[in-house]
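Under the working numbering, the sequence shown has 470 at position 470, and the numbering climbs by one with no breaks.
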Amino acid sequence: MAISPEWLKKPKDLNHVDAALWPANLHRSSHGEFEIGGIGVTDLGAQFGTPLYVIDQDDFFARATRVKNALSAAAESIGTSAKVYYAGKALLTTEVASWIAELGLNLDVASGGELAAALAGGVEPARIGLHGNNKSLSEIGRAVAAGVGAIVIDSEIELERIASTAQAQGRVQPVRLRVNAGVHAHTHEFLATAREDQKFGLARADVPRLVERIRAEKHLKFLGLHSHIGSQIFEAAGFIEAAKRLLAIQAELLKFGDVTELNLGGGFGINYTTADEAPDIESIALKIAEGVAAECAQLGIEVPVLAFEPGRIIVGPTGVTLYTVGTIKDVALSEEGAGAVRKYVSIDGGMSDNARPSLYDAAYTVRLASRSSSAAPALVRVVGKHCESGDIVVRDDYLPADISNNDIVAVAATGAYCSSLSSNYNMLTRPPVVAISQGQARLIVRGETEADLFARDVRYQELLNSQPLNGKD
Ligand SMILES: Cc1ncc(COP(=O)(O)O)c(C=O)c1O
């Protein structure tokens with residue numbers, strides 16, 4: 001009885017490492033184990049414990065450079081330039097911020113905390129853009145004081161708050177205006193409406209009036225319009241539709257002043273499973289640029305600087321999560337007919353270190369990483385250790401039928417939106433993050449300890465402080 005989804009093909013060789021899914025420097029060694037930058041997963045597990053987020057730092061640098069070059073080349077091909085912001089929400093630590101600074105990329109942050117990480121990582125304030133649909137006054141104050149290069153205005157009240165903050169600080173704050181373009185894209189389709197039903201951005205009809213207000217404010221400098229249409233996008237069409245809608249407004253705005261740039265957000269898709277065929281960034285970037293150029297020609301306006309905010313496409317494929325296998329259960333699926341069995345493989349993490357399957361039904365790929373195996377493929381569901389039946393890390397994939405307790409498995413493409421979305425649900429400690437470069441593994445975020453879990457628990461701290469130290473009064 002077939003219980004695997006239609007998209008999932010039984011792999012011919014479960015030991016094979018598919019370069020389209022795994023970090024560039026991950027290989028299976030001659031003795032069968034996954035190595036990342038030459039370091040075996042068994043050693044990584046022994047040194048840092050599991051669950052463990054591992055980032056192939058050399059791949060991160062290569063991917064970030066490729067994305068930046070591809071977007072810049074596409075912009076140059078239509079006579080303009082590109083500003084590329086790494087979307088910090090995908091994965092941000094001060095170490096990652098320092099890589100962004102070293103790479104000469106810009107950084108998009110979405111909270112005071114992300115701003116603090118960016119600054120501590122040495123990113124030049126002028127290269128930082130601040131997002132958010134409900135920025136606090138304190139976040140606005142910190143961003144203006146730091147001299148961030150752009151704040152993306154998401155509402156009229158925010159326009160007023162940023163203007164008065166900049167005035168109080170005697171600064172001129174560059175701003176963009178986030179527009180609800182009415183385009184929502186995911187993978188192959190996009191939906192175009194009058195206005196998308198969501199919390200971000202301003203209605204297109206309100207934009208001319210708000211830009212007039214920005215232009216009238218001595219302490220604000222208008223850079224241009226912004227739209228972000230979704231995530232995990234494989235096609236250029238949605239970006240082009242959003243660009244058309246924004247450029248039509250831009251043509252009107254240009255009659256009364258400068259509009260130097262157009263920010264089309266992030267959302268470029270990656271491969272999570274063998275069913276995904278994400279396009280090369282070069283080809284999608286070129287299509288978007290050509291769409292923008294054609295629309296500008298049609299409207300008779302100059303091609304603006306193009307800004308983008310890619311997150312997932314830079315960091316996602318560079319990360320893997322290592323888990324140790326615990327309980328394994330063969331569950332008979334009576335409704336599927338006689339003989340239908342699903343192998344439930346429990347690992348030592350779960351929805352607290354990867355919320356995407358439970359949040360978005362996201363699909364992932366898992367492989368046995370601590371050894372190779374010649375056993376037949378068994379359809380598995382990799383589940384976590386939380387008290388939720390929806391605590392699934394990999395809903396459907398194959399592992400060798402001899403998968404057993406204490407094996408280490410690796411889940412691919414967990415660099416984006418896993419560590420950054422992690423939680424302490426069920427009082428699990430959040431895993432460490434290790435970066436591997438030039439054959440060296442370095443801890444960039446240590447794992448949480450039980451003491452960390454209780455650090456904010458007032459009663460626990462009171463008890464701790466009232467205990468006699470070392471048994472003496
Ligand atoms: C405004 C904005 N820009 C950029 C991104 C990054 O998207 P991605 O990581 O899919 O490229 C997001 C993600 O939610 C976003 O909301």
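For every residue, glycine included, the Cβ atom is placed at its ideal position computed from N, Cα and C.
- Going by DSSP, serine 77 is part of the alpha helix (DSSP H) stretching over 57 to 77.
- Ranked by Cα distance from threonine 414, the first of Gln438, Ser370, Tyr364, Glu448 is Tyr364.
- By the Cβ criterion, the stretch 423 to 438 is in contact with the stretch 343 to 357, since at least three pairs of Cβ atoms, one from each stretch, lie closer than 8 Å.
- For the stretch 111 to 159, the continuous alpha helix (DSSP H) assignments of 4+ residues that do not extend past its boundaries occur at 112 to 120, 137 to 146, in sequence order.
- Judged by beta-carbon spacing, proline 400 lies beyond the 7 Å limit of serine 422, meaning their Cβ atoms are not closer than that value.
- The beta strand (DSSP E) runs lying completely inside the stretch 211 to 255 and spanning 3 residues or more are 220 to 226, 230 to 233, given in chain order.
- The shortest CA-to-CA distance from valine 172 to any of Glu139, Ala143, Thr193 is the one to Ala143.
- Taking the CA atoms as reference points, glycine 311 sits about 38 Å from tyrosine 460.
- For the pair alanine 362 and isoleucine 39, the CB atoms are not nearer than the 7 Å cut-off.
- Within its own chain, the residues whose Cβ lies closer than 6 Å to the Cβ of glutamate 261, once the five positions on either side in sequence are excluded, are Leu223, Gly224, Pro304, Val305, Ala307, listed in chain order.
- In the three-state DSSP reduction, leucine 191 falls in the strand class (E or B).
- Apart from the 5 residues on each side of it in sequence, glycine 141 sits with its Cβ closer than 7 Å to the Cβ of Thr165 in its chain, given in chain order.
- In the DSSP assignment, serine 283 falls outside any beta strand (DSSP E) and within the unbroken alpha helix (DSSP H) covering 281 to 299.
- Bounds of the alpha helix (DSSP H) holding serine 358 are 356 to 360.
- Within the stretch 426 to 453, the beta strand (DSSP E) runs of at least 3 residues that lie entirely inside it are, in chain order, 433 to 437, 440 to 445.
- Taking aspartate 206 as the centre and dropping the five residues before and after it, the same chain places the C-beta of Glu156 closer than 8 Å to its C-beta, in chain order.
- Assigned with DSSP and collapsed to three states, aspartate 206 falls in helix.
- A distance below 8 Å between beta-carbons, with the five flanking residues on each side excluded, links isoleucine 436 to the following residues of its chain, in chain order: Asn25, Ile36, Gly37, Ile39, Val54, Ile55, Asp56, Gln57, Asp58, Arg442.
- Beta-carbon to beta-carbon, tyrosine 86 and leucine 105 are separated by about 5 Å, close enough to satisfy the 8 Å threshold.
- Counting other Cβ atoms within 10 Å of its Cβ, proline 357 reaches 16 or more and is therefore classed as buried.
- Here the stretch 232 to 239 makes contact with the stretch 176 to 189; the two share three or more CB pairs at distances below 8 Å.
- Burial is judged here by how many other beta carbons sit within 10 angstroms of a residue's own beta carbon; aspartate 407 has at least 16 and is buried.
- Rounded to the nearest whole angstrom, the C-alpha separation of glutamate 282 and arginine 245 is 23 Å.
- Nearest Cα to glycine 316 within the set His16, Asp154, Ala20: Ala20.
- Here DSSP, grouped into helix, strand and coil, assigns aspartate 43 to helix.
- Judged by their CB atoms, leucine 220 and alanine 74 are not nearer to each other than the 7 Å cut-off.
- When DSSP states are grouped into helix, strand and coil, arginine 459 belongs to the helix group.
- Between arginine 381 and tyrosine 323, the C-beta gap is not smaller than 7 Å, which leaves the two residues out of contact.
- In the structure shown, glutamate 35 falls within a strand segment according to DSSP collapsed to helix, strand and coil.
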